[in-house]
Structures are given as structure tokens and as C-alpha cells.
Amino acid sequence: MALFSGKKKVNTNGKETIKNEASVLSVDSARLRPLFSTNMQSKNIIPFLLLFSLFSFSLNCSGKGPFPESDVRDLHLVIDAGSSGTRFCLYRMQFTSSSSNSCKIKQGECRSVVADDGLAALPPEKAKEALRGGFASLTEAQKNRIVHVSLLGTGGFRRLSSSAQKTAMTGLAEAIFETGLPATVRVISGEEEALLAWRSIHSETGSNSHAIIETGGATVQVATGTDGRVNRSISLPLGMNETRSHLKKESACFSAPSADRFDTCKRELLPLLGPLRQWTVPERNTYGLGNPYAAIFKQLDRDEIRRTDIDARGRLLCASDSEQMAEYGIAAEHQKLTCYLFAFHSAQLELLGVESVQKGSGSWPPGAALSPEFFPSCR
Numbered sequence: 375m376a377l378f379s380g381k382k383k384v385n386t387n388g389k390e391t392i393k394n395e396a397s398v399l400s401v402d403s404a405r406l407r408p409l410f411s412t413n414m415q416s417k418n419i420i421p422f423l424l425l426f427s428l429f430s431f432s433l434n435c436s437g438k439g440p441f442p443e444s445d446v447r448d449l450h451l452v453i454d455a456g457s458s459g460t461r462f463c464l465y466r467m468q469f470t471s472s473s474s475n476s477c478k479i480k481q482g483e484c485r486s487v488v489a490d491d492g493l494a495a496l497p498p499e500k501a502k503e504a505l506r507g508g509f510a511s512l513t514e515a516q517k518n519r520i521v522h523v524s525l526l527g528t529g530g531f532r533r534l535s536s537s538a539q540k541t542a543m544t545g546l547a548e549a550i551f552e553t554g555l556p557a558t559v560r561v562i563s564g565e566e567e568a569l570l571a572w573r574s575i576h577s578e579t580g581s582n583s584h585a586i587i588e589t590g591g592a593t594v595q596v597a598t599g600t601d602g603r604v605n606r607s608i609s610l611p612l613g614m615n616e617t618r619s620h621l622k623k624e625s626a627c628f629s630a631p632s633a634d635r636f637d638t639c640k641r642e643l644l645p646l647l648g649p650l651r652q653w654t655v656p657e658r659n660t661y662g663l664g665n666p667y668a669a670i671f672k673q674l675d676r677d678e679i680r681r682t683d684i685d686a687r688g689r690l691l692c693a694s695d696s697e698q699m700a701e702y703g704i705a706a707e708h709q710k711l712t713c714y715l716f717a718f719h720s721a722q723l724e725l726l727g728v729e730s731v732q733k734g735s736g737s738w739p740p741g742a743a744l745s746p747e748f749f750p751s752c753r
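For the sequence shown, the positions run 375 to 753 when the working numbering is used.
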């Protein structure tokens, strides 16, 4: 069934999403199909960049500095339509004739889109305006290099009903159609999000055996794999925003500074995050992904951190006043959630049986940029 008439047709054969429950998905059984797809040919093609901002820092996924000028169409644009914000992630690709690895990321940059909330939480017209604003920020040179764009909705969209998802995605597809971009627009399941995050680390590090933990606003994703294959990928509705909504207003996580605040906050969080206990991560290289983990790595200023490091810094910050937090580089607007941030991840790692995590660049978008399901040039 086509949702759009005329030359711009949209397929609605998307995979049904999974809401508010864990489900296991293997790589072999996961086929990521587009909900909306366009095959328009146009000279007006577009990219963009992203800014993570829990403690204010920028991301350069692969490679350093601005993209070199080129007349070659070599850019993939991934729009991460998350529950708490939207990111435009642009990747400079290398295309090869290899049947097993036809796409490689040479360089990647991301930037946040200015909006009051994630696209799923905005009224349709405001969501379209936010998307148009992102596209308007692109240069003409960038526009001429885009091969394809994929807008993928995550936790915030998964919480919507099927009809609400379709309405929201239809509006976003219309905004992309205005640009003339060939595009894929759909909601991905949490298990698919975990799978893509695992692929991102595989691409970034070359590792064939590792685990990922990705913290989002609505959900947490965990994936483990060996020998270049994902063995297990799960998603649970235990993101930072979702979990915070179940804490009492007088929670220690948001109370005045005190010496026992961190441990009290963590004790409150352990039962809320309890379902993670059944998904213990095997002992292997484990990477922390998503904005919250990136903020912790930024604060501790290292590429690998132990859970004991998180505990030590968490206890210090939970006992610190505003002036003391500022001395640690924490902006005033982020101080209220800082104690919660550290206690949350200490509890999360304890329940998963993880002693240390390594820094991963960004989250799942690089994995999407490499996936033939979303970018035909990778087939």
C-alpha cells in the first residue's frame, strides 16, 4: 500500500516493532526492512553533523577534522531520531567490490538538531520544522555528495502505538521528500538498535568478539558477539529518563549533597534496574555507548573505566555543591542529574556483572551507515 501518490511512493512493509519488553534476536534472524523507502533521483542531496551535550563535548566518530572537499558522491546521512533528541550523523564512505565488506567508514561527524524534544514527542508540524532546520544547516557542497539518507526512530517512537508511529513517520518522510533525497524512514526495534551498536564497534575497532551496553533515554541495549557474529541482542525499557520517572520526588538521587547520597541513590536504583540481572555480560571487551556513557568518559578523562572508578567519582560528586561541581567542569544545567548519572551506571554495570567498560565512539548510527538494509550502496 502506498501512503503517497504521484512519483513519491512509500512502502509500508516494515517490521513490527517491539514495545516495553525484552526480546532476543540473532543476526541471522534479523532482517532490517524499511517502513518507508524512496528511490528518487535528484541533484539535491544532503548531509549534516552532531553535538553530544550532557557535559558539552563534540563527537568525531572516525577520522579527524572537517571532511575534505570532493566532487564524489560518498556521504551517508543517518538521522538518529532518539527519545530525548535528534542527531544528524554524516559519514564519508569508501565503497569496494568486496562482497563481504562493500562499505567502510572513512570519517564520521554528528550534530544535534535544535528542538524542544525528541521528534516522537513533538507535534507533527514541529517535528517537520525541526527536521527542515537540520537540512537547512547544510552547505550546497555537502548536499551534492549525499548518496542516501536513513531516518531511524528509536525508543521514543517505539512507545507510540502503531497508528501513531505511522502518522509520525509519514510526516517526517514528507519533510525529507521536500529535499529530493533518496531515503529510508522507519522505526527500528530495540534489538535492532543493539545489533547496529555492536556493528558500530566492529567497524571502529575491528573486534570480532565484544559486548556493547548502550544507554538511552527510554531504553538500554545490550549485545554480545563472537567470531564476527552477534549471539544475543536485547533491549529493555530501562533508559535514564524512563527509570527516573519511577523514582520518588524525594529520591536521594536528586537531594542535597551528602556523604551517603551516592550509595543511597544506588540502592534506590538497583530494584528498578533489576531485570538487567538476567542478561549478565560474559567476560570480554565491553564498550559503553550513548550520551550518558560518553559524559562519564568525558568526566573521568580516560578510554577505559572500572566500575570502582565510577563509584569513587560518583561519591565525590554526589557530596559536592554547585561550586565544587563547576570545578570538575560540570555546567550548572547538568549538575542536578550528575549524581543520578553515576549511580545509575554503577547499578547497571553491577547487575550486568561488568567490572570495566571501554569507550565507544557515539552509538548505533555508524552501524546503520554500513548496513545494506538502510543504504543500498552497501549491497
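A virtual CB, placed ideally from N, CA and C, is assigned to each residue, including glycine.
Classified as buried, PRO556 has 16 or more neighbouring CB atoms from the shown chains inside 10 Å of its CB.
The stretch 566-583 makes no contact with the stretch 623-632, as fewer than three CB pairs between them are under 8 angstroms. The beta carbons of ILE704 and LEU691 sit closer together than 9 angstroms. Under the 8 angstroms Cβ criterion, the stretch 479-497 counts as touching the stretch 461-468, having at least three qualifying pairs. Across the set LEU546, CYS477, ARG532, ARG485, the C-alpha of LEU546 shows the shortest separation from the C-alpha of GLU503. Secondary structure note for ARG466: its beta strand (DSSP E) is the uninterrupted segment 460-469.
In terms of Cβ geometry, LEU612 and LEU650 form a close pair [threshold 9 angstroms]. By the neighbour-count definition (other C-beta atoms within 10 Å, threshold 16), ARG485 is a buried residue. In the structure shown, ASP677 adopts coil according to DSSP, grouped into three states. With fewer than 16 other beta carbons inside 10 angstroms of its own, VAL446 counts as exposed. Runs of the alpha helix (DSSP H) spanning 4 or more residues and lying entirely within the stretch 549-623 occur at 564-579, 614-618, in chain order. With 16 or more other Cβ atoms inside 10 Å of its own Cβ, THR593 counts as buried.
Just measuring C-alpha positions, the residue of ALA510, ALA686, SER458, GLU514 sitting nearest SER444 is GLU514. Spanning the alpha carbons of LEU449 and ALA626 requires a straight line of approximately 46 angstroms. By the CB criterion at 9 angstroms, ARG519 and SER563 fall outside the cutoff. For SER574, the closest of GLU729, PRO750, SER458, GLY662 by C-alpha to C-alpha distance is GLY662.
Taken through DSSP and simplified to helix, strand or coil, ASP634 comes out as coil. Secondary structure in the stretch 472-543: the alpha helix (DSSP H) runs of 4 residues or longer, each lying completely within the stretch, are 498-510, 514-517, 529-532 in chain order. For the stretch 676-715, the full-length alpha helix (DSSP H) segments reaching 4 residues or more read 681-692, 696-701 along the chain. In the DSSP assignment, THR660 forms a beta bridge with ALA585. HIS719 is the residue among GLY580, HIS719, GLN732, ALA495 whose C-alpha sits nearest the C-alpha of ARG618. Our two residues, ALA717 and GLN652, have alpha carbons roughly 20 angstroms apart in a direct line. Residue environment: ASP677 is assigned as exposed (fewer than 16 neighbouring CB atoms within 10 Å of its CB, all protein chains considered). Per DSSP, the beta bridge partners of GLN732 are TYR661, GLU678. DSSP places ALA742 in the uninterrupted alpha helix (DSSP H) bounded by 739-743. Non-local beta-carbon contacts of SER607 in its own chain, meaning distances under 6 angstroms to residues more than five positions away in sequence, involve LEU399, GLU565, ALA568, LEU569, ALA597 in chain order. Minimum Cα-Cα distance from LEU725 among the listed residues GLU747, GLY688, ARG681 corresponds to ARG681. Counting along the chain, VAL655 sits inside no beta strand (DSSP E), nor does DSSP assign it H or E at all.
9 angstroms or more divides the Cβ of GLY527 from the Cβ of ALA571.
Straight-line spacing of the CA atoms in SER696 and GLU707 works out to 10 angstroms. For the set GLU701, VAL523, ASN582, PRO656, the Cα lying nearest the Cα of GLY727 is the one of PRO656. With respect to GLY508, THR460 sits close: the two C-beta atoms are nearer than 9 angstroms. Around the Cβ of HIS620, a 10 Å sphere holds fewer than 16 other Cβ atoms; the residue is exposed. Put simply, of GLN539, ALA510, HIS522 the residue whose alpha carbon is nearest the alpha carbon of LEU496 is GLN539.
When DSSP states are grouped into helix, strand and coil, LEU647 belongs to the coil group. In this model, ILE670 and ALA549 are separated by some 35 angstroms (Cα to Cα).
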